[in-house]
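S.K.: So the sequence lines, in the order shown, correspond to chains A and B. Numbers 1 to 340, taken from the working numbering, label the letters of the first sequence in order. Numbers 341 to 680, taken from the working numbering, label the letters of the second sequence in order. Positions of the beta carbon are idealized from the N, C-alpha and C atoms, including for glycine. It should be emphasised that the depicted structure is a prediction, and the values quoted were computed from it without experimental measurement.
There are 2 protein chains.
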Amino acid sequence: MPKDGYVVAVAGATGAVGEVMLQVLEQRKFPVRKLLALASERSVGKRLPFSGEEVRVEMLTRDAFKGVDIALFSAGAGRSLEFAPAAWQAGAVVVDNSSAFRMDREVPLVVPEINPHAIALYTQRGIIANPNCTTIVTLMALAPLHRFSRIKRVVASSYQAVSGAGAKALEELKQQVRAWARDQPLMVEVFPYQIAFNVLPHIDVFQENGYTKEEMKLVHESRKILEDPAILVSPTTVRVPVFTAHSVSVHVETEQKIPAAKARELFSAFPGLQLLDDPAAKQYPMPLYAAGKDDCYVGRIREDLAVPNGLNFWVCGDQLRKGAALNAVQIAEVLAERYL
Amino acid sequence: MPKDGYVVAVAGATGAVGEVMLQVLEQRKFPVRKLLALASERSVGKRLPFSGEEVRVEMLTRDAFKGVDIALFSAGAGRSLEFAPAAWQAGAVVVDNSSAFRMDREVPLVVPEINPHAIALYTQRGIIANPNCTTIVTLMALAPLHRFSRIKRVVASSYQAVSGAGAKALEELKQQVRAWARDQPLMVEVFPYQIAFNVLPHIDVFQENGYTKEEMKLVHESRKILEDPAILVSPTTVRVPVFTAHSVSVHVETEQKIPAAKARELFSAFPGLQLLDDPAAKQYPMPLYAAGKDDCYVGRIREDLAVPNGLNFWVCGDQLRKGAALNAVQIAEVLAERYL
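(1) Could you check the C-alpha separation between B:Leu675 and B:Ile459 for me, to the nearest Å?
(2) Residues of the segment 576 to 600 of chain B with a CB closer than 8 Å to any CB of chain A: list them in chain order, please.
(3) Are at least three pairs of beta-carbons, each pair with one atom in the segment 159 to 178 of chain A and one in the segment 196 to 215 of chain A, less than 8 Å apart?
(4) So, at 7 Å on beta carbons, what are the nonlocal neighbours of A:Ala328 in its own chain, with the 5 sequence-adjacent residues on each side left out?
(5) What is the C-beta distance between B:Ser498 and B:Val433, in whole angstroms, given that I count them as a contact (C-beta under 8 Å)?
(6) Report buried or exposed for A:Ile52, applying the criterion of at least 16 other Cβ atoms within 10 angstroms of its Cβ.
(7) Keeping to the same chain, check which residues put their C-beta closer than 8 Å to that of B:Gly385; ignore five residues upstream and five downstream.
(8) Measuring only the C-alpha atoms, how far is A:Gln124 from B:Glu605?
(9) When the Cα atoms are used, what is the spatial distance from A:Glu208 to A:Glu255?
(10) What would DSSP say about A:Ala230, mapped onto helix, strand or coil?
(11) At what residue ranges does the segment 352 to 426 of chain B contain a whole run of the alpha helix (DSSP H), taking only runs of 4 or more?
(12) Let me see if you follow: with CB-CB separation under 7 Å, is B:Trp428 close to chain A or not?
(13) Tell me which residues share the same chain as A:Val155 and place their Cβ nearer than 7 Å to its Cβ, disregarding the 5 neighbours each side in the sequence.
(14) By Cβ distance below 6 Å, which residues in the same chain neighbour A:Pro346 in space, the five residues on each side in sequence not counted?
(15) Would you list, in chain order, the members of the segment 69 to 96 of chain A that have their beta-carbon closer than 9 Å to a beta-carbon of chain B?
(16) Measuring alpha carbon to alpha carbon, tell me which residue in A:Phe206, A:Ala77, A:Leu142 and A:Leu36 is nearest A:Asn312.
(17) Determine, using beta-carbon pairs with one atom in the segment 498 to 512 of chain B and one in the segment 579 to 586 of chain B, whether at least three such pairs fall under 8 Å.
(18) Between A:Val10 and A:Asp69, is the Cβ-Cβ spacing less than 7 Å?
(19) When you check each C-beta in the segment 494 to 512 of chain B against every C-beta of chain A, which residues fall closer than 7 Å?
(20) Under the three-state reduction of DSSP, which class applies to A:Glu189: helix, strand or coil?
(21) What residues from the segment 346 to 369 of chain B come within 7 Å of chain A, judged by C-beta to C-beta, listed N to C?
(22) Would B:Arg563 and A:Ala306 be called neighbours here (beta carbons separated by less than 7 Å)?
(23) Which first and last residues belong to the beta strand (DSSP E) in which B:Ser497 is found?
(24) Under 7 Å between C-beta atoms, does B:Met626 make it to chain A?
(25) To the nearest whole angstrom, what separates the beta carbons of A:Val17 and A:Ser80, a pair I think is in contact under 8 Å?
(26) Take B:Phe423 and list the residues in its own chain whose beta-carbon comes closer than 7 Å to its own, dropping the five residues that flank it on each side.
(27) Can you tell me which of the three DSSP states A:Ile258 falls into?
(28) Exposed or buried, which one is A:Met187 when buried takes at least 16 other CB atoms within 10 Å?
(29) Alpha carbons only, please: which of B:Ser383, B:Pro627 and B:Arg678 is nearest the one belonging to B:Thr474?
(30) Starting from the beta carbon of B:Gln534, find every residue of chain A whose beta carbon is closer than 9 Å, and list them in chain order.
(31) Quick one: is B:Val517 near chain A, going by C-beta distance under 7 Å?
(32) Just to confirm my understanding: we take A:Glu54, look at its own chain, exclude 5 residues before and 5 after, and list those with CB closer than 8 Å. What are they?
(33) According to DSSP, is A:Thr212 helix, strand or coil?
(34) Jot down the residue ranges of each uninterrupted beta strand (DSSP E) in the segment 299 to 323 of chain A, minimum 3 residues, whole runs only, in chain order.
(35) Put B:Gln547 into one of helix, strand or coil per three-state DSSP.
(36) Taking Cβ-Cβ distances shorter than 8 Å, what residues in chain A pair up with B:Ala570?
This is the structure in C-alpha cells:
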C-alpha cells in the first residue's frame with residue numbers, strides 16, 4: 001500500500017451506483033488518500049459528501065487519471081470504452097461496472113467470494129470487470145452449490161428493482177406512484193411502459209435470438225465467473241415496481257443430488273450469503289429487507305419436484321451494493337491487499 | 341334451456357371474483373331469468389348492479405338454492421364444502437371457484453378451451469371445479485403446445501397480482517401506496533409483509549415439502565386438466581405489487597422440439613389466447629394491459645438455450661376474469677348449451 005492510502009477515482013460519481021460507491025468506500029474504511037469524483041459535464045461542480053467532507057465533481061476526461069491508483073467506473077459502457085484504457089495508461093487499475101469489457105478474454109470478471117484468483121489477470125489490460133447485478137446476486141447462491149456438485153442447468157426468472165436502471169428510473173417509479181395517489185396522469189419517460197403497478201418482461205435491448213442483453217449476460221457471465229463453459233442457463237429477466245434489491249427464482253440441476261438440508265449447509269457457510277429459510281415462521285428473503293444490506297439472502301430452498309438432481313430457491317440482494325458498488329469496492333480491496 | 345333462461349345464483353357475490361361474475365354474466369348476455377346474489381350475513385341487504393337493475397344480497401344458506409339452475413360459487417373453500425352439496429341436492433349445478441373439490445376424482449376440473457368434454461362428468465357430484473387462477477393463465481398457453489407435442493417438464497415462476505388475494509388485499513396495496521405518497525406509516529394486515537414496493541415469495545400456506553399450496557395447485561391441477569399425470573412441474577409463485585392480472589415466466593420441455601415460429605402459430609390458433617410477440621416493436625404481454633381483458637396474452641417466445649426441446653415464454657391474464665369469473669361463466673355456458 002502506498003503511504004497514507006490510495007488515490008481513488010470514481011467515474012460516474014453522481015449516478016445511482018456511483019453514489020453508493022462513495023458510501024461503501026467510506027463505510028468499509030477503504031484506505032483512500034484522495035478521492036476524485038468524476039462525471040460528465042452537466043454534473044461538474046456538484047459537491048458530494050465523503051468521509052465528513054465534500055468532494056467537488058470534476059470532469060471525466062482522459063487526463064483526469066494522473067496519479068490515480070484505482071479507478072472505479074460506473075458511467076456506462078460507452079464511457080468505460082472511451083476512458084478506461086486512458087486510466088490504465090495513466091497508471092490506474094480500473095474496476096469497471098459496465099458491460100464493456102466483461103466478456104473480454106484478457107479482462108477478469110470477478111465476484112470476490114467466488115473467483116478472487118482471477119483478479120491477478122488485471123495486468124493484461126489494467127481492467128477488472130464487475131459482473132452484471134442480477135448475475136452477481138444469482139451466483140452468490142449458485143457458487144457454493146457448484147463447488148459441491150457441478151451445475152448442469154439453471155432456469156432463472158428475475159424480479160428486478162427499478163434503481164437497477166439508474167437514478168432517473170427510480171425517480172420515475174416514485175413520480176408515477178405519487179401521481180396515481182393524487183389521481184393525476186402518470187408520465188412514462190425512462191421505461192418503455194408504466195412501471196408502477198406493472199411488470200415489464202424487458203430489461204436492456206432485445207437480441208436476434210429473442211433474449212434480451214440482460215438475459216444473455218446471465219448466460220455468458222455465469223460461465224466465465226464459475227469457470228465452467230458447459231453450464232446451461234435459461235434466463236427470463238423482468239422489471240418489477242420495487243425501489244431497490246433484485247430477486248431471482250432459481251431452479252438448478254446439478255450432477256449429484258444436493259438435498260435441501262445440504263444446500264442450507266452450503267449456503268450458510270458461504271461468505272456474503274445469509275440463509276433466511278424458515279417458511280413456517282414466514283422467514284424468506286424479500287427485496288424490501290435486502291435493500292441497503294451488504295449480504296445476499298437465500299431461502300425457499302426445496303428439492304425440485306420434476307428432476308432428481310434439481311433444487312429450487314429464491315435469492316435477493318441489493319443490486320446497487322453487492323450487485324454493483326460493494327462488489328467493485330471488494331475487488332479494489334483484494335487489489336489493494338494483494339497486488340498494489 | 342328452460343323458458344326465459346336460467347335461475348343463476350352467485351355465492352360470494354360481494355367478493356372480488358363474485359363482483360366480476362355478475363359483470364361477466366351481463367357482458368356475455370348469459371340467459372339469466374333470475375339472479376340470486378348470495379353472501380354471508382354481513383353483506384346481506386347490500387345492493388349490487390346487474391343488467392340495469394339492482395339485486396339485493398341474500399344470505400347464503402342451505403335453503404337458498406331452491407329453484408336455482410346454476411350456482412356459481414366463489415365464497416372460499418369452507419363455504420363451498422358446506423353449501424355446494426346442498427345446492428346440488430336442491431337441483432342446481434355448481435360451478436365452484438374454490439379449491440375444495442378440484443382434485444376430487446368425481447369432480448371435473450375445467451378450462452372450456454382445453455377440456456370442455458370433462459364437464460359431462462358433472463352428473464356425479466353436481467359440481468364442476470374452476471381451476472386456480474395461475475393454473476388457468478399458464479395452461480392457456482401450455483395447452484396448445486401439449487396438443488402438438490406432449491409436455492414433459494414445466495418450470496414456472498409467477499408474478500401474481502394482489503387482487504388474487506381478494507378485495508381487501510387490493511385495498512391494502514392501494515392504502516400502502518397512498519400512505520407512502522403522504523409520508524405516513526404503512527399498515528400491514530392482509531399480507532404477511534408490506535406488498536407496496538416489495539415482492540413476496542409466499543402465496544397461500546406452506547406445505548411439508550417446502551412448496552406452498554398455490555405452487556402445488558399448479559402441479560396437480562395442470563396434470564388433471566391436461567389429462568396427463570406424467571407432466572412434471574417446478575413452480576415458484578410470487579406476489580408482486582400489481583393490482584390485477586397475473587404473469588408467468590414459463591420454461592417448457594416437450595417430447596418433440598417446437599420451434600418458436602411453430603409455437604407462435606399454435607398460440608395464434610388457440611381460442612382465448614392472443615399472441616403479443618414483437619420485441620423489436622416493444623410488443624409483449626404486461627399485466628397492466630391484460631387487466632380487464634377476457635383473453636390471455638402470450639409473448640417473449642424463444643427457444644430454450646439450455647435444452648434441445650425447450651421453449652420459453654411469458655403469459656399474462658386477468659386472474660379475476662379468465663383466471664376465475666370468466667372461466668366459471670364459460671363453464672356455465674357449455675353446461676347450458678349442452679346439458680341443461
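M.R.: The structure says:
(1) 7 Å
(2) Thr576, Val578, Val580, Pro581, Val582, Phe583, Ser587, Ser589, His591 and Ala600
(3) Counting Cβ pairs under 8 Å, three or more are found: they touch.
(4) In chain order, Met21, Leu72, Val95, Asn97 and Asn130 place their CB closer than 7 Å to the CB of A:Ala328, counting only its own chain and leaving out the 5 sequence neighbours on each side.
(5) At roughly 31 Å, the Cβ-Cβ gap does not stay under 8 Å, so B:Ser498 and B:Val433 are not in contact.
(6) Here the sequence assigns Gly to residue 52 of chain A, which means Ile is not the residue at that position. It is exposed - the Cβ of A:Gly52 has fewer than 16 other Cβ atoms within 10 Å.
(7) Arg396 and Val397
(8) 50 Å
(9) So the two alpha carbons sit approximately 31 Å from each other.
(10) A:Ala230: coil per DSSP, three-state reduction.
(11) 356 to 367
(12) no
(13) Ser234 and His251
(14) With chain A running from 1 to 340 in the structure shown, residue 346 of chain A is simply not present.
(15) none
(16) A:Leu142
(17) In this structure the segment 498 to 512 of chain B lies against the segment 579 to 586 of chain B, because at least three pairs of beta carbons, one per stretch, are closer than 8 Å.
(18) Against a cut-off of 7 Å, the Cβ pair of A:Asp69 and A:Val10 comes out as no contact.
(19) Within the segment 494 to 512 of chain B, the residues whose Cβ lies closer than 7 Å to some Cβ of chain A are Val495, Ser497 and Tyr499, listed in chain order.
(20) In this structure, DSSP gives A:Glu189 a state outside helix and strand, which the three-state scheme calls coil.
(21) none
(22) no
(23) Residues Ile491 to Tyr499.
(24) yes
(25) Not a contact, Cβ separation roughly 12 Å.
(26) If we look at B:Phe423 and ignore the five residues flanking it on each side, its Cβ neighbours are Ala351, Leu400 and Arg402.
(27) Annotated three-state conformation of A:Ile258 is coil, per DSSP.
(28) exposed
(29) B:Pro627
(30) Met286 and Leu288
(31) It does: the Cβ of B:Val517 has a partner Cβ on chain A nearer than 7 Å.
(32) Arg47 and Leu48
(33) strand
(34) 310 to 317, all fully within the segment 299 to 323 of chain A.
(35) B:Gln547 sits in coil when the DSSP states are folded into three classes, being neither helix nor strand.
(36) From the beta-carbon of B:Ala570, no residue of chain A is found nearer than 8 Å; the closest lies around 11 Å away.
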